[in-house]
Amino acid sequence: MKAKTLVVLLVVTSILLIYSMICYSLLNKSIEVSTKNIISDYLAKSSITSYEYLKANSTKKDTFQVFVKSDNQYFTFIFELNQHDYQLLKVYPSVPDYISTL
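Just so we're aligned: 24 in our numbering is position 39 of the sequence shown, and the numbers increase by one with no gaps anywhere.
The following block contains the structure:
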């Protein structure tokens, strides 16, 4: 009986983990698509034409950090969600913490 309970618990936990990973991936893709033009416009002002989208993090409610790499430069874009539109708050041209701590 105990083994059956543990197996059920493992299956439920696995399903929840997979569900959260899918939701995170969909949210990250949605943020990437929504902020792509804003990031491209900002980088075009610095004569940067190509970049690689790394990931997005939610820092607090309706505020996101988007990490971007262009050649050997990293940028952290801070966006705020206002009425279904993303507004650029700040840009930090430095290596993100999650990379520099590796």
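Cβ coordinates follow ideal geometry from the N, Cα and C atoms, glycine included. All of these numbers come straight from a predicted model, not from anything done at the bench.
If you ignore the 5 residues before and after VAL76, its C-beta comes within less than 8 Å of the C-beta of TYR27, PHE60, THR61, PHE62, ILE63, all in its own chain and listed in chain order. Scanning THR(-2), LEU39, GLN68, LEU73 for the CA closest to the CA of SER55 turns up LEU39.
Taking a C-beta distance under 8 Å as the contact criterion, SER43 and PHE49 qualify as a contact pair. The Cβ atoms of ALA41 and ILE23 do not sit closer than 8 Å to each other.
DSSP links ASN67 through a beta bridge to ASP70. When rounded, the separation of the alpha-carbon atoms in LYS45 and LEU66 is 11 Å.
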